[in-house]
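**Q**
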Amino acid sequence: MKLLHLDSSALGANSATRELSAAIVARWQADIADLSVEYRDLDSNPVPHLTGASLAATDPEAATESGQVLQQFLDADIVVVGAPMYNFSIPSTLKAWIDRIAVAGKTFRYTAKGPEGLATGKRVIVASARGGLHSGAPSDFQEPYLRFLFGFMGITDVEFIRAEGLGLSPQHRSEALAAAHAAIGAPLAKAA
Ligand SMILES: Cc1cc2nc3c(=O)[nH]c(=O)nc-3n(C[C@H](O)[C@H](O)[C@H](O)COP(=O)(O)O)c2cc1C
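Each residue of the sequence shown is one higher than the last, beginning at 17 in my numbering.
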């Protein structure tokens, strides 16, 4: 079984999503003996932003890297994504990665009946953190976006481990993080 672990926070050791995504992966490693884990830190090792040149694949080296990013995603059974809320959405580093995996003919296709996801059978677990409170609010373009995006690619098993309101007070931060850790489920239990 293959697990792809991504982080995108720019806050390094102070990052809530890095703490949570690491805890999620550790839980999987503890329970699944033959788990193979690949890790990419999209902050220190970003995927280049999509450009006209990369779309046209005029640079063979860049085209190879783009293909490798896509293949790594396609090969994964489980994808753990550290995704902070930045400006109501996600970090641009995470969006740059998404631009390489949302590829027509590979992870989705258009049919006469509408779009069809091709990346089926995967499980996605998102470690989400935000400074304010956004659950269910119109300001949340982070979690609904990620749920829609992965669903568009055929992945319906998308779970969020959420710590929010982290900027409200130190006490709120520690309580929200503790609750998020407690919400990390057993790997083979069904996602909520
Ligand atoms: C560039 C930037 C933009 C942010 N934008 C928002 C925002 O729009 N709404 C919000 O509630 N928090 C926002 N925050 C706060 C982060 O969501 C919060 O610090 C969260 O813990 C970040 O995750 P991390 O700790 O893993 O880096 C922002 C933080 C940064 C650094």
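We treat Cβ as the ideally placed atom computed from N, Cα and C, and that holds for glycine.
Is it the case that the CB of residue 104 approaches a heavy atom of ligand 1 more closely than 8 Å?
**A** yes
**Q** Could you name each continuous beta strand (DSSP E) segment of 3 residues or more that falls completely within the region 76-106, going from the start of the chain to the end?
**A** 94-100
**Q** Could you have a look at residue 111 and say whether DSSP puts it in helix, strand or coil?
**A** helix
**Q** Taking residue 55 as the reference, give the member of 82, 152, 98 with the closest Cα.
**A** 98
**Q** How big is the Cα-Cα spacing for residue 24 and residue 108?
**A** 9 Å
**Q** Please work out which residues of its chain come closer than 7 Å, Cβ to Cβ, to residue 57, disregarding the five sequence neighbours upstream and downstream, and give them in chain order.
**A** 23
**Q** Run through DSSP, which three-state label would residue 156 get?
**A** coil
**Q** What span of residues does the beta strand (DSSP E) with residue 119 cover, start to end?
**A** Careful: residue 119 lies outside any beta strand (DSSP E) and carries neither H nor E.
**Q** In the DSSP output, which residue or residues are listed as bridge partners for residue 55?
**A** Bridge pairing for residue 55: 21 [DSSP].
**Q** Residue 32: buried (16+ other C-beta within 10 angstroms of its C-beta) or exposed?
**A** buried
**Q** Between which residues of its own chain and residue 207 is the CB-CB distance below 6 Å, once the five residues before and five after are set aside?
**A** With a pLDDT of only 49 at residue 207, under the threshold of 50, the placement of this residue in the model should not be trusted; the figure read from the coordinates follows. Here the set comprises 173, 175.
**Q** Identify the residues that DSSP records as bridge partners of residue 145: which are they?
**A** Checking the DSSP bridge columns, you'll see residue 145 partnered with 100, 179.
**Q** What is the DSSP secondary structure of residue 208, counted as helix, strand or coil?
**A** Below a pLDDT of 50, predicted positions are generally treated as unreliable, and residue 208, at 46, falls in that range; the measurement from the model is reported next regardless. DSSP places residue 208 in coil when its eight states are reduced to three.
**Q** In angstroms with no decimal places, state the Cα-to-Cα distance between residue 155 and residue 112.
**A** 22 Å
**Q** Name the residue from 120, 20, 182, 118 whose alpha carbon lies nearest to the alpha carbon of residue 91.
**A** 20
**Q** Provide the residue span of the beta strand (DSSP E) that contains residue 131, from first to last.
**A** 130-133
**Q** Does the Cβ of residue 129 have 16 or more other Cβ atoms within 10 Å, making it buried, or fewer, making it exposed?
**A** exposed
**Q** Secondary structure at residue 195, three-state DSSP: helix, strand or coil?
**A** helix
**Q** Taking one C-beta from the region 38-55 and one from the region 65-83 each time, how about it: are there three or more such pairs within less than 8 Å?
**A** no
**Q** Given this structure, state the Cα-to-Cα distance separating residue 146 from residue 166, to the nearest angstrom.
**A** A straight line joining the alpha-carbon of residue 146 with that of residue 166 spans about 20 Å.
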